[in-house]
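These notes concern the structure reproduced below.
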Amino acid sequence: MALQSAPQRIELAIGGMTCASCASRIEKKLNRMPGVTATVNYATEKATATVEGGVTVKDLIATVEKTGYSAALPAAPEARPEKPRDELRTRLLVSLALGVPVVVLAMVPAWQFTYWQWLSLTLAAPVVVYGGWPFHKAAAVNLRHGAATMDTLISMGTLAAFGWSLWALFFGTAGEPGMTHPFSLAIERGAGTDAIYLEVAAGVTMFILAGRYFEARSKRRAGSALRALLELGAKDVAVLRDGTEVRLPVSQLIVGDRFVVRPGEKIATDGVIEDGSSAVDASMLTGESVPVEVGPETPVIGGTVNAGGRLVVRATRVGADTQLAQMARLVEQAQAGKAAVQRLADRISGVFVPIVIALAVGTLGYWIGTGNGATAAFTAAVAVLIIACPCALGLATPTALLVGTGRGAQLGILIKGPEVLESTRRIDTVLLDKTGTITTGRMTLLDVTGHPDTLRLAAAVEAASEHPIAQAITRAAGDTLPAVTQFRNLEGLGVRGIAEGREVTVGRTPLLADHTLPDDLARAKADAEAAGRTAVLAAWDGQVRGVLTVADAVKPTSRQAVTALRRLGLTPILLTGDNQTVARAVAAEVGIDEVIAEVLPADKVDAVKRQQAGGKVVAMVGDGVNDAAALAQADLGLAMGTGTDAAIEASDLTLVRGDLMVAADAIRLSRRTLHTIKGNLFWALAYNVAALPLAAAGLLNPMIAGAAMAFSSVFVVANSLRLRRFRPVR
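Add 6 to the 1-based position in the sequence shown for this note's numbering, that's all there is to it.
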C-alpha cells in the first residue's frame, strides 16, 4: 500500500488581481484541484494552499495562469519591486493632466467655446486608451476565460461613454460648431444625439486610477509593520574564529558559533551570553520600552540591540528557527487567513458582477421602455456599471487584519489567525496560571528580619548550594561575601558552614529545633507562612538570629493586568498546582477572588472543561509545557512568549513579553480589529445597497458614481489604518 505524503503548505505571490472577485475566481479554480485547499487574499496579493497527493508548485502556478493571472513563489521582502505602483502613478499623472481640462470644460458651460468638444475628444482619448489600459486588458483576459470582474464593469462603462461620444460627434449633431451642454448631477430625461460623455469616460478613469493608487499606497503602509519585523535582523556578524574576529553574512552562522556584539549593534541571532554585561533594547520585538539588563548565561534574541557594553554570544538558534523568524512566520500566516465574515463578503463579490451587468441591462431597457430616450437610458446604465464595483468589500477584512496583526507584532502580540478575533469578542472568563504568568517563576528574597548580619552570613553559606531558595538568598546579598569552610548540605533541611569564625546554620524549623527562637522572630516566621511564603531561619551561637522570607514573587504589573482584564468584562480565576494557602495569598495580592488550587498538570484541562460546561467562554493564559493542553482546550489560549515552545504552539495568541499586561492589550487589540472589520463591511455593503438604486433611478451622474466608488475603497483602507494608532495600557 502506498504511503500518503503529508500535507504541504505552499504560498504564492499573485499578480494581476484588481478586485475581490479576481481573488474569488482564483480561489475557486485552485480549490477545484484534487487535494488542494486554498485561500487567496486580495489585500496581501497572496495565495496560501495546503496540498497533498503529489500536487506541485508548478501545477498551482499553471492553474492560476490558466485563470488569467500570474503566480510565483514570493520574493524576499527587500527584493519586492515597486514597479507596479510606479507605473500606476505615471498613468494617473498623465490622466490627470489630460482629463482635468475635459471635466472642467464639461462642467462650466460658459467656457465651452466653438469646437470645444473636439479638444475634449483629443484630450480624453489618451486618458481612456492609455490611462484605462489596465482595466481594458484585464476585462479582455476575463472575457477570454468566460468571467467578469470589477475591471469588466469599469471597461464597459468608460468604453460605452467614449463610444457614444464618438458616434454623437461623427454621426450625430454633437460635432457641430457652437454645440454646448450643461452639466448635471442627475440624468436629464429625453436628451438627444447632441449629448457627449467624454467627461464621464475621462473622469471615471481618473477617479478609479486615483483610488487604485492610494489603495496601493495604503496597503503598503498596512503591511509596513511586518516588513519592519522581517528587516529587523542584522545583515552581518563578527564571528570568533580561533580568537580572531571574522566578519561574515548572518546566513553563514551555525549553532555553537561565538560572535561579538558591540554597543549599538544588533544581536545577529538567538543565543546565550558567554562574556560581558550590558542592557539590551528589545522594543521593536517585544514592545518593551525599557532596556533589559543582561550578563553571562542570559539568553538573548536576534534582532534586539546591544545598548551598552561588548558582548560575546554563543548562537543557539539560527535562520528559520530564531524567534524573529518564527514571529514573522506567525504574522504572515495570520494575515493570509480569512475570517468567517470575509468568506461571506467573498461569496457576495463572486456573484456581484454578473448581477450588476444584468441590472445595467435591465435599467437600459426600463428607461427606453418608459420613453425617457436612449441617451438618458444609456447614462443610467453606465452609472449602474460604475457605481457597483465591489472593491471595498474585498478590502474590508484583509486590510484591517493586515494592520491589526502588524501592530500586534510591534507590541509583542502575535495573533495566530483571523478566527481568533471572534473568540476574543465572546470570552467572559480568564484562567491565569500562577507560576511564570502572575509570578516571576523563580524564588526571590522578599524580607529579612533580625540581626543585621543575617543576610550576609546566610548568603555566604547558601552560595555553595544549587537549591532555588539558596540562589534567591545569594542573589539578594550581592557579590561580596565572607569565605566559608566546612560546608555541609543537609538534604531536605538546609545548609551549614563556618563563616567569620561562626558556625552558621540556615534552613527550615526541624533543622533548628534545638536553637532558641526569640518571640519577634517566631512572629515573623508565622506571618510569612500565613501569607503562603517560605520562612528560612538563620542561626549561630546556639540561637536563631534572623528570618529570611522567600517566595515566587508576583510580577510588578500583575495586579494592574488583573484590573485591566476586569475592565474588559472578564472574570479572572487563578489556576495553580500550589496549596490553597499560597494560592490565596497570591490571589489576594493581585486582586483575584476565585482560586482553583492543588491542580495537577493533567487536571488543568479538566478545570477548563468544567468552566465551559458551566456555560463560560474561557480564555487561558499560561507558559509551561503543563499548560499546553489547557491552552488548546480553552476557547482562547494565550501563551507567554517567555514560556515553552509547546505552550506557544498550542495557543491562539502569543505574548512575546512575559508580562500579563500584554494579555489585556492582546484582547483589546483583537476586539478593536474585529470592530474595524465589521465597520468596513457595513460601509462597503451599505454603500452598494444605497448607491445602486440611486444610479438605476437616474439620480447619479456616471462621473460622480466613479468618484464615489473610488472613495469607498480608499475609505475602507484608511479606516483600517487607524489601527496603527492602537496604544497599550500604561
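C-beta atoms are modelled at their ideal positions from N, C-alpha and C, and glycine is treated no differently.
Same chain, Cβ closer than 6 Å to residue i, neighbours up to 5 away in sequence not counted
i, result
"A85", "At A85 the pLDDT is 40, less than 50, meaning the model places this residue with poor confidence; the figure from the coordinates comes in the next sentence. Nothing meets the Cβ criterion."
"D665", "T563"
"G513", "L499 and G500"
"S76", "G21 and G22"
"P255", "D242"
"E600", "I579"
"A697", "I393"
"P474", "M449"
Distance between residue j and residue i (C-alpha atoms, nearest Å)
i, j, result
"A180", "A201", "6 Å"
"I673", "K272", "31 Å"
"A701", "K241", "56 Å"
"K684", "G152", "33 Å"
"V243", "A530", "54 Å"
"T328", "G418", "15 Å"
"N725", "T682", "7 Å"
"P140", "L175", "26 Å"
"V624", "I479", "38 Å"
"G503", "L438", "41 Å"
"L517", "D533", "20 Å"
"E88", "G377", "At E88 the pLDDT is 48, less than 50, meaning the model places this residue with poor confidence; the figure from the coordinates comes in the next sentence. When rounded, the distance between both Cα atoms is 51 Å."
"F384", "V108", "20 Å"
"G649", "L420", "Any answer about G649 is weak, because its pLDDT of 48 lies below 50 and its placement is not dependable; what the coordinates show is given next. So the alpha carbons of these two residues sit roughly 14 Å apart."
"L127", "L98", "18 Å"
"N148", "G379", "32 Å"
"D633", "P699", "55 Å"
"W173", "K72", "36 Å"
"G5", "W117", "Lying before the first or after the last residue shown, residue 5 is absent from the chain, which here runs from 7 to 736."
"P183", "Q123", "9 Å"
"V114", "E17", "52 Å"
"M626", "D263", "38 Å"
"V357", "Q14", "31 Å"
"D453", "A544", "13 Å"
Whole-number beta carbon distance between residue j and residue i, since they are thought to touch under 8 Å
i, j, result
"V467", "V436", "Not a contact, Cβ separation roughly 43 Å."
"A482", "L463", "Contact doesn't hold; Cβ gap of about 13 Å is too wide."
"V686", "A394", "One detail in the question is off: residue 686 reads as Asn in this sequence, not Val. So it is not a contact: roughly 18 Å between Cβ atoms."
"A398", "V722", "5 Å"
"V46", "A29", "4 Å"
"L554", "G583", "Between G583 and L554 the Cβ distance is about 24 Å, and since that is not below 8 Å, they are no contact."
"V568", "I602", "Contact flag wrong, Cβ pair sits at about 15 Å."
"L5", "V409", "This structure cannot settle anything about residue 5, because the visible part of the chain is limited to 7 through 736."
"W546", "R508", "4 Å"
"T441", "K561", "With a Cβ gap of about 11 Å, T441 and K561 do not count as contacting."
"I433", "L642", "5 Å"
"V388", "V206", "7 Å"
7 Å Cβ shell around residue i - same chain, five flanking residues per side excluded
i, result
"R218", "L94"
"F732", "R413, L675 and R678"
"A748", "The structure shown does not extend to residue 748, since the chain is modelled only from 7 to 736, so the question has no answer here."
"S283", "V300, G301 and G315"
"T69", "K35, L36 and M39"
"P297", "A285, V286, D287 and A313"
"L487", "R462, A465, A466 and A469"
"R730", "V409 and R413"
Limits of the unbroken alpha helix (DSSP H) element including residue i
i, result
"S161", "M156 to F176"
"A696", "M667 to A702"
"N47", "Per DSSP, N47 belongs to no alpha helix (DSSP H); it is in the beta strand (DSSP E), V42 to N47."
"S429", "E425 to R432"
"I421", "Per DSSP, I421 belongs to no alpha helix (DSSP H); it is in the beta strand (DSSP E), I419 to I421."
"K143", "W139 to R150"
Residue i: CB within 8 Å of a non-hydrogen atom of the ligand MN
i, result
"L666", "Because no ligand of any kind appears in the structure shown, any question about the ligand MN cannot be addressed here."
Chain-order list of residues whose beta-carbon lies under 8 Å from that of residue i (same chain, five-residue window excluded)
i, result
"Q363", "Gln is not the amino acid found at residue 363; the sequence shown has Ile there. Around I363: A154, T158, L159, M162 and L391."
"E51", "A19, I20, G21 and M23"
"T304", "V278 and I279"
N- and C-terminal bounds of the beta strand (DSSP E) containing residue i
i, result
"V318", "L317 to R323"
"S284", "S284 to D287"
"F265", "R264 to V267"
"E299", "V298 to V300"
"P132", "Counting along the chain, P132 falls outside any beta strand (DSSP E), though it belongs to the alpha helix (DSSP H) covering W122 to P132."
"D65", "Careful: D65 lies outside any beta strand (DSSP E), inside the alpha helix (DSSP H) at V63 to K72."
"Q639", "No beta strand (DSSP E) contains Q639, which is instead part of the alpha helix (DSSP H) from A634 to Q639."
"P255", "T250 to P255"
Hey, which unbroken runs of the alpha helix (DSSP H) at 4 residues or more fall wholly within the region 454 to 534? 460 to 468 and 474 to 483
Identify every run of the alpha helix (DSSP H) within the region 545 to 622, keeping only runs that are complete inside it and at least 4 residues long; order them along the chain. 564 to 573, 586 to 596 and 610 to 619
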